[in-house]
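Take a look at the structure set out below.
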Amino acid sequence: MSFLAPAFLGALTLLGIPILIHLIRRRRLHVVRWAAMEFLRHSQRKLRRRLRIEELILLALRLLIVLLAVLAFARPVLRAVGLSVLGQNAHVYAIVVVDNSFSMAQRVPNQNTAWERAVQQAKTILTHVLRPGDAVSLLLANDHPTALIGSPTYDLRLAYARLNAAKLSTRGTDYLETAKQIVALLKKSPLPNHEVYWISDDQADAWKSSQAESAHGVWKQLGSKARLIWISVGAPASQRDNLAVHMEPLERELVTPHLAARISAKISNYGTRSYNSLPIVLRLDGQPAGMTKVNLAPHSSSLVTFTPYLPQAGIHVGNVELADPEHADNLPLDNVASFVLESRANLRVLVQEMQPQSATYALAALAPVGGGNIFQPTHIEGESLETENLSNYQAIIITGLTHLSGDEAHALADYVRAGGGLLLFPSEATQTDEVNAVLKEAGLLPAALGKIVRFPYENAQTLNPGSIGNYAPLGFFKDTSNINLGLARFTAYRQLTPLDDSSNPGSIQVVLRFGDGSPALVQRQVGRGQVMLAASSADTSWNDLPLTASYVPLLYQLLLALSASAEVRHNLALDMPFQLPLPLSAANSQIRITRPDGTVDTRTPVLGTEGAELQYSNTQMAGVYRVSGGSIHEAFAVALPEQESDLTYVAPNAALSQIGYPLARAAFVTTPEQLSTAVNRSRYGVEIWRLLVEAVIVLLFLESFLAWKFGRRG
Numbered sequence: 152m153s154f155l156a157p158a159f160l161g162a163l164t165l166l167g168i169p170i171l172i173h174l175i176r177r178r179r180l181h182v183v184r185w186a187a188m189e190f191l192r193h194s195q196r197k198l199r200r201r202l203r204i205e206e207l208i209l210l211a212l213r214l215l216i217v218l219l220a221v222l223a224f225a226r227p228v229l230r231a232v233g234l235s236v237l238g239q240n241a242h243v244y245a246i247v248v249v250d251n252s253f254s255m256a257q258r259v260p261n262q263n264t265a266w267e268r269a270v271q272q273a274k275t276i277l278t279h280v281l282r283p284g285d286a287v288s289l290l291l292a293n294d295h296p297t298a299l300i301g302s303p304t305y306d307l308r309l310a311y312a313r314l315n316a317a318k319l320s321t322r323g324t325d326y327l328e329t330a331k332q333i334v335a336l337l338k339k340s341p342l343p344n345h346e347v348y349w350i351s352d353d354q355a356d357a358w359k360s361s362q363a364e365s366a367h368g369v370w371k372q373l374g375s376k377a378r379l380i381w382i383s384v385g386a387p388a389s390q391r392d393n394l395a396v397h398m399e400p401l402e403r404e405l406v407t408p409h410l411a412a413r414i415s416a417k418i419s420n421y422g423t424r425s426y427n428s429l430p431i432v433l434r435l436d437g438q439p440a441g442m443t444k445v446n447l448a449p450h451s452s453s454l455v456t457f458t459p460y461l462p463q464a465g466i467h468v469g470n471v472e473l474a475d476p477e478h479a480d481n482l483p484l485d486n487v488a489s490f491v492l493e494s495r496a497n498l499r500v501l502v503q504e505m506q507p508q509s510a511t512y513a514l515a516a517l518a519p520v521g522g523g524n525i526f527q528p529t530h531i532e533g534e535s536l537e538t539e540n541l542s543n544y545q546a547i548i549i550t551g552l553t554h555l556s557g558d559e560a561h562a563l564a565d566y567v568r569a570g571g572g573l574l575l576f577p578s579e580a581t582q583t584d585e586v587n588a589v590l591k592e593a594g595l596l597p598a599a600l601g602k603i604v605r606f607p608y609e610n611a612q613t614l615n616p617g618s619i620g621n622y623a624p625l626g627f628f629k630d631t632s633n634i635n636l637g638l639a640r641f642t643a644y645r646q647l648t649p650l651d652d653s654s655n656p657g658s659i660q661v662v663l664r665f666g667d668g669s670p671a672l673v674q675r676q677v678g679r680g681q682v683m684l685a686a687s688s689a690d691t692s693w694n695d696l697p698l699t700a701s702y703v704p705l706l707y708q709l710l711l712a713l714s715a716s717a718e719v720r721h722n723l724a725l726d727m728p729f730q731l732p733l734p735l736s737a738a739n740s741q742i743r744i745t746r747p748d749g750t751v752d753t754r755t756p757v758l759g760t761e762g763a764e765l766q767y768s769n770t771q772m773a774g775v776y777r778v779s780g781g782s783i784h785e786a787f788a789v790a791l792p793e794q795e796s797d798l799t800y801v802a803p804n805a806a807l808s809q810i811g812y813p814l815a816r817a818a819f820v821t822t823p824e825q826l827s828t829a830v831n832r833s834r835y836g837v838e839i840w841r842l843l844v845e846a847v848i849v850l851l852f853l854e855s856f857l858a859w860k861f862g863r864r865g
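Take 152 as the starting number for the sequence shown in the numbering used here and just add one per residue.
Written as structure tokens, this is what we have:
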């Protein structure tokens with residue numbers, strides 16, 4: 152217990168008054184001998200003992216009344232264990248934390264958004280809670296916390312102005328990252344008394360990173376350094392239903408007028424309400440391009456797919472959206488998901504045929520009779536690539552591979568690192584030792600080529616569609632009801648032993664296997680491009696794959712994946728850099744990047760070994776970015792973090808308790824009216840003077856009643 156006005160404790164000397172009065176009023180008895188009194192001596196003794204007890208009771212009550220009255224004036228406070236109580240004039244260093252993740256855009260029916268309520272609470276802290284002489288820092292909390300004011304400042308007006316200019320972000324939430332930054336700021340505090348005002352919507356997903364044992368130390372350290380006042384501004388748990396649209400990774404960002412785009416989005420229901428026939432609309436360049444409907448049970452998702460054609464070459468910006476977003480839920484920000492596609496007249500492919508007739512089927516597939524070609528193949532025969540400018544092609548196929556010179560391998564390596572795609576098919580004449588050595592030295596070898604394994608036709612090997620892993624371009628073939636890769640029969644293949652690239656883990660993967668588990672196709676990421684090595688031939692000498700219905704779509708998917716490597720990546724996650732190769736003539740150009748909020752950044756391309764390149768890393772905001780300058784007209788899209796759409800509530804006191812935070816150092820507020828009380832309790836403890844005054848009044852009545860009763864009986 153502590154006292155806010157300890158000077159009044161000096162009045163405890165008044166306790167002597169009831170004692171003095173008691174002593175003065177004590178009757179002095181004079182002994183008078185009288186024979187008749189001897190008969191009454193026994194009853195007199197009992198009466199004297201009773202009177203003494205009654206007087207002591209009244210004395211104790213009067214002392215207690217004076218004691219409680221003095222204590223009430225001294226304003227005693229009770230504090231929790233571990234809570235140091237401040238004096239009335241003590242100054243504090245306060246860190247005001249405002250959650251600005253995009254879930255804070257949720258609007259409670261007939262009220263403003265959680266973000267607007269959070270800003271108002273923060274303003275109240277700056278204007279009514281903190282006082283001149285207090286220091287303050289200001290943090291915006293998300294998965295990458297931003298310090299609007301890092302070093303403590305005594306200028307509360309500056310903090311108010313910075314807060315007033317703050318904006319809601321499109322980022323996710325991570326309380327642990329914010330806690331780490333708070334601890335770092337507290338270490339720089341100029342004052343011994345620390346307070347943290349944390350204003351958030353209590354989203355369950357924000358606590359996930361804090362569940363790790365290694366994270367508990369951060370929270371315990373925060374609890375030892377500061378009082379925490381947690382201010383909840385989110386919607387009640389019963390009003391957190393939310394629908395969301397999030398783009399799935401595109402199978403290909405590059406299409407042609409004769410190749411339909413495949414656009415998939417996940418529609419998620421994070422609430423307890425069911426939706427039937429919910430309309431989902433596809434828009435391309437602002438115009439409707441498709442519509443479908445989905446049914447969503449509570450806490451479920453549904454995948455929608457559109458396959459539009461883009462006849463006009465160039466960059467196309469689209470989105471998948473809920474048809475009625477205003478009435479679907481109270482968080483409209485994630486009801487629309489944007490994407491960017493590029494359409495080209497066709498894709499240029501170089502086909503090098505080292506063995507006669509080894510490219511016959513590939514060329515026929517790439518240039519079918521009747522026009523409408525997706526690919527524009529260039530065919531060369533022989534073993535030399537020296538006369539070709541490889542940068543003119545989106546992909547290169549080498550069939551009937553025999554051998555490669557060191558110069559050719561290094562030319563191919565430069566091409567692939569710059570974003571090109573290379574597909575290799577072995578043959579009977581492949582000089583495995585030489586090819587392995589040359590490709591490995593150039594950094595292109597996905598797997599070591601081994602001996603030929605042969606099978607009789609009746610025991611021929613087949614491809615196993617179930618072995619297709621997470622390589623998105625072949626994901627279409629997992630469903631064998633559409634096209635069954637397993638129908639092709641292989642009477643021979645070369646053994647492939649995938650390499651282990653320790654310098655770049657995960658860059659090499661087996662994307663397709665035979666029925667016996669042996670690798671059929673191995674892929675390697677090299678720089679910005681890819682190399683694929685097949686185990687069997689491209690013609691019918693070792694298999695009948697070219698004679699099946701799956702040959703053309705399989706070859707197309709592989710070439711589209713390889714071609715995409717050479718192209719710009721237009722669909723990014725937050726914080727992923729955008730890279731745009733440019734001609735050398737654009738090296739000194741000023742490139743304008745118009746961000747989703749309308750602000751404009753300017754960049755100058757960077758010169759590299761492969762030419763000029765625009766590098767832009769300021770992608771902390773979700774939405775569509777427009778790139779322009781001279782003849783350049785590009786765009787790219789940055790996606791919202793999917794997990795932030797789940798508004799599931801968790802009580803902050805329960806979450807903090809689970810991670811070891813000392814709850815005695817925390818207070819929890821849900822309404823503005825509770826803030827002042829929470830601050831006073833946090834700083835000074837719980838005042839009990841009102842209880843003492845009420846006790847004094849009760850004791851006065853009791854003393855009067857007992858004095859009357861004892862006097863009447865006496």
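For every residue, glycine included, the Cβ atom is placed at its ideal position computed from N, Cα and C. Note that this is a predicted model, so its numbers are computed, not measured.
How is residue i classed by DSSP in three states: helix, strand or coil?
{"i": "G238", "result": "Since pLDDT at G238 reaches only 49, below the 50 mark, its modelled position is unreliable, and the value read off the structure follows with that caveat. Of the three classes helix, strand and coil, the one that applies to G238 here is coil, per DSSP."}
{"i": "P303", "result": "strand"}
{"i": "Q612", "result": "strand"}
{"i": "P697", "result": "helix"}
{"i": "M255", "result": "helix"}
{"i": "E764", "result": "strand"}
{"i": "V248", "result": "strand"}
{"i": "G617", "result": "helix"}
{"i": "L573", "result": "strand"}
{"i": "A686", "result": "coil"}
{"i": "A737", "result": "helix"}
{"i": "N427", "result": "strand"}
{"i": "R720", "result": "coil"}
Tell me the residue span of the alpha helix (DSSP H) that contains residue i.
{"i": "S808", "result": "803-809"}
{"i": "Q271", "result": "265-275"}
DSSP beta-bridge partners for residue i?
{"i": "F856", "result": "DSSP output for F856 lists no bridge partner at all."}
{"i": "P439", "result": "R434"}
{"i": "A599", "result": "T648"}
{"i": "Q527", "result": "R499"}
{"i": "T753", "result": "R743"}
{"i": "H467", "result": "L492"}
{"i": "H397", "result": "K417"}
{"i": "P607", "result": "Partner(s): none; P607 has no beta bridge."}
{"i": "F627", "result": "Paired residue(s): none; F627 is not in a bridge."}
{"i": "G680", "result": "V677"}
{"i": "Q730", "result": "Q766"}
Determine the contact status of residue i and residue j, defining contact as a CB-CB distance below 8 Å.
{"i": "Y544", "j": "L501", "result": "yes"}
{"i": "L725", "j": "Y421", "result": "no"}
{"i": "A474", "j": "V445", "result": "no"}
{"i": "P670", "j": "V661", "result": "yes"}
{"i": "I525", "j": "Q503", "result": "no"}
{"i": "M442", "j": "D352", "result": "no"}
{"i": "T770", "j": "F729", "result": "yes"}
{"i": "N481", "j": "P260", "result": "yes"}
{"i": "D485", "j": "S796", "result": "yes"}
First and last residue of the beta strand (DSSP E) that includes residue i?
{"i": "W349", "result": "345-351"}
{"i": "Q660", "result": "659-665"}
{"i": "S320", "result": "Counting along the chain, S320 falls outside any beta strand (DSSP E), and DSSP gives it neither H nor E."}
{"i": "A788", "result": "783-789"}
{"i": "W381", "result": "378-383"}
{"i": "Y776", "result": "774-780"}
Return yes when the C-beta of residue i is under 7 Å from any heavy atom of the ligand ATP, and no when it is not.
{"i": "A700", "result": "The model on display carries no ligand, and the ligand ATP is accordingly not part of it."}
Subject >> the segment 718-725 / the segment 691-701 touching (three or more Cβ pairs under 8 Å) >> reply: Not touching, per the Cβ criterion.
Original post:
Are there three or more Cβ pairs, one per stretch, closer than 8 Å when the segment 374-383 is compared with the segment 341-348?
Top reply: Enough Cβ pairs lie closer than 8 Å, so yes.
Original post:
Is the segment 585-598 touching the segment 640-650 in the sense that three or more CB pairs, one from each, lie closer than 8 Å?
Top reply: Yes, the segment 640-650 is in contact with the segment 585-598.
Original post:
Three or more beta-carbon pairs under 8 Å between the segment 680-697 and the segment 561-574, yes or no?
Top reply: Three or more pairs of CB atoms, one per stretch, sit closer than 8 Å, so the segment 680-697 contacts the segment 561-574.
Original post:
How about the segment 404-412 and the segment 449-463: do they share at least three Cβ pairs that are nearer than 8 Å?
Top reply: Judged by Cβ distances under 8 Å, the segment 404-412 makes contact with the segment 449-463, as three or more pairs qualify.
**OP:** Taking 8 Å as the threshold, find out whether the segment 324-334 comes into contact with the segment 219-228 through three or more Cβ pairs.
**Re:** With the cut-off at 8 Å, the segment 324-334 and the segment 219-228 do not touch.
**OP:** Answer yes if the segment 243-252 comes into contact with the segment 279-288, meaning at least three C-beta pairs across the two stretches below 8 Å, and no otherwise.
**Re:** A contact exists between the segment 279-288 and the segment 243-252.
Original post:
Is it true that the segment 604-619 meets the segment 743-753, where meeting means three or more beta-carbon pairs spaced less than 8 Å apart?
Top reply: The segment 604-619 makes no contact with the segment 743-753, as fewer than three CB pairs between them are under 8 Å.
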